[in-house]
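Numbering-wise, the sequence shown is residues 1 to 444 according to the UniProt record's numbering.
Here's the structure we're looking at; comments come further down.
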Amino acid sequence: GELETPRVDKRQPKNDHISRHIHNRYSNKQPVLIEFVLSTRPELFSGTRTHSSDRTMDLGLAEDHFSRPVGSFVASDIEQLKLAIEECKKLILELPEHSERQKDTVVKLIHLRLKLQELKDPEEDEPNLRILLEHRFSKEKSKSVKQTCDKCSTIIWGLIQTWYTCTGCYYRCHSKCMNLITKPCVRSKVSHQSEYELSICPEIGLDRQDYRCAECRTPISLRGVPSEARQCDYTGQYYCSTCHWNDTAIVPARVIHNWEFEPRKVCRSSMRYLALMLSRPVLRLKEINPLLFNFVEELVEIRKLRQDILLMKPYFITCKEAMEARLLLQLQDRQHFVENDDMYSLQDLIDISSGRLSCSLTEIHTTFAKHIKLDCERCQAKGFVCELCKEGDILFPFDSHTSVCHDCSAVFHRDCYYDNSTTCPRCARMTERKQDDISDVKEA
């Protein structure tokens, strides 16, 4: 039935605000009850003008147990809410800019829009995990409103809307948009392909794309009619504004061929793919562009440090103290550094260009060398003495002034090794032993 109008206490001013008592009393009798008080525009209704000293934000939080606010607007359904929103928008334009009254009205407008959205999208019991097109969508609990739906390109109102994030490629969308998704998870592409496009912006032209978005097939053109065509610098193809948000990313092909790290505009799917591939060591530079080492000195320095670390690795995996100290875990973020010296990730190249990798790797190299040469007696015992000059300190294969025999891995002073015209003494000794063993077998 109709709501009873509370009795007005004449001692109370007529322009008091929405009563929490009234809201609590009648909210269970009406499906929707929004009391929107246009206190900043009382000439639309009966009553006196509200004084600025009595002004507070009209969101139903003020205490008043007796009087009904003057000029209240009761919205009992979605249509009335829409009318209230339009009236509020008009009022915002009429009020002085940046005034307190205008700010309060903006707050009221937000409150009404949130309520309208809540009526349109009632909260339902959504599952915590949903699998779709190889996406593994996890229900988000965050109430942040700074996220944008990757499907409809609108803001996600975390306060009142259910939304999901793919744990693989971080694709975000409203719950209501999930059934409209056509893009498979990019992580599946990373798992199956794991390689970069190494041609710089391989454009094929809009005509080859039939003047349609390369992903969703929406009609596009460079004139912006019916939709603007945006080129992805990674794939070279053109996309619509829904699939290409003008995100920027460093393009691997430009790094490898030009040593260029300026971010370029890429489509959404390319941005996610490049983000997932960033730390994967899939670039073999000496095969793709070996000349790069002639022009980038930092690459030569990093390669030498990586080669030294590979020579240190056998000491650590046979040393109890090194295993207990977990020295090799200092490179757990770049596991490929203890496996080979020629594979690089895009993140490695970015850090080389900025100088960060050189500093961190030099520090790790110093720590490793200190353990082997100074701290650990077992590792010191595995050192070498130069058999050519038989002088000097104990040598290790990663020392800068040494050379290593490629056949037997013996270590010599570099000057001694290159000045020696004979063969390696250790190799000669091993060859002689083999011949003696063969002779003994024949005599037996």
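Positions of the beta carbon are idealized from the N, C-alpha and C atoms, including for glycine.
Short CB-CB distance (under 8 Å) between residue i and chain D
i	result
Val-296	No chain D appears in the structure shown, which is made up of a single protein chain.
Rounded distance between the beta-carbons of residue j and residue i, thought under 8 Å
i	j	result
Arg-130	Tyr-164	7 Å
Leu-305	His-365	5 Å
Arg-212	Ile-220	6 Å
Ile-92	Val-107	Wrong, their Cβ atoms sit about 11 Å apart, outside the cutoff.
Arg-230	Ser-241	7 Å
Arg-268	Asp-247	7 Å
Val-255	Leu-180	In fact, because the Cβ distance is near 36 Å, the residues do not count as touching under 8 Å.
Close beta carbons around residue i, own chain, < 7 Å, minus the five adjacent residues each side
i	result
Leu-276	Cys-169, Val-186, Arg-187, Val-190
Ser-353	Phe-261
Pro-226	Pro-219
Phe-337	Arg-306, Ile-309, Leu-331
Gly-383	Ile-394, Leu-395, Phe-396
Lys-320	none
His-51	With a pLDDT of 41 at His-51, under the threshold of 50, the modelled position of this residue cannot be trusted, and the question is left open.
Ile-300	Correcting the residue identity first, residue 300 is Val in this sequence and not Ile. For Val-300, where only same-chain residues beyond five positions count, the Cβ hits under 7 Å are Phe-293.
Glu-351	The sequence given here places Asp at residue 351; Glu does not occur at that position. Taken in chain order, the residues that qualify are Leu-357.
Gln-102	Ile-92, Leu-95, Pro-96
Gly-236	Cys-201, Pro-202, Glu-203, Ile-204
His-257	Ile-200, Asn-289
Close-in-space but distant-in-sequence residues of the same chain around residue i (CB under 6 Å, 5 per side omitted)
i	result
Pro-96	none
Cys-152	Cys-177
Ser-428	Here the sequence assigns Ala to residue 428, which means Ser is not the residue at that position. Excluding positions up to five away in sequence, the list is empty.
Leu-327	Phe-316
Pro-184	Leu-133, Glu-134
Delimiting residues of the alpha helix (DSSP H) encompassing residue i
i	result
Ser-269	268-277
Leu-299	297-317
residue 448	The requested residue 448 is not part of the displayed model; the chain covers only 1 to 444.
Ala-322	320-325
Phe-225	For the sequence presented, residue 225 should be read as Val rather than Phe. Here Val-225 belongs to no alpha helix (DSSP H), and DSSP marks it neither H nor E.
His-365	356-370
Arg-378	377-380
Gln-435	425-443
Asn-258	252-258
Ala-84	78-94
Leu-285	285-288
Endpoints, the beta strand (DSSP E) within which residue i is located
i	result
Cys-173	172-174
Phe-137	135-139
Leu-132	129-132
Thr-248	247-249
Phe-412	411-413
Cys-166	163-166
Beta-carbon proximity list for residue i, same chain, < 8 Å, skipping 5 on both sides
i	result
Ala-249	Tyr-234, Pro-263, Arg-264, Val-266, Ser-270, Met-271, Leu-274, Ala-275
Lys-286	Phe-293, Asp-342
Met-430	Cys-408
Ile-438	none
Tyr-418	Ser-403
Beta-carbon proximity of residue i to residue j, cut-off 8 Å
i	j	result
Thr-302	Ser-358	Note that residue 302 is Ile in the sequence shown here, rather than Thr. Closer than 8 Å, so yes.
Glu-215	Cys-177	no
Val-411	Pro-397	yes
Cys-416	Leu-388	yes
Cys-201	His-174	no
Thr-402	Arg-414	yes
Ser-345	Pro-281	yes
Arg-208	Cys-166	no
Pro-127	Tyr-196	no
Cys-386	Tyr-315	no
Gln-347	Leu-278	yes
Leu-292	Met-343	no
Ile-85	Leu-116	yes
Phe-368	Met-323	no
Ile-78	Leu-198	no
Leu-81	Leu-112	yes
Thr-154	Lys-139	no
Trp-259	Val-296	yes
Tyr-239	Leu-206	no
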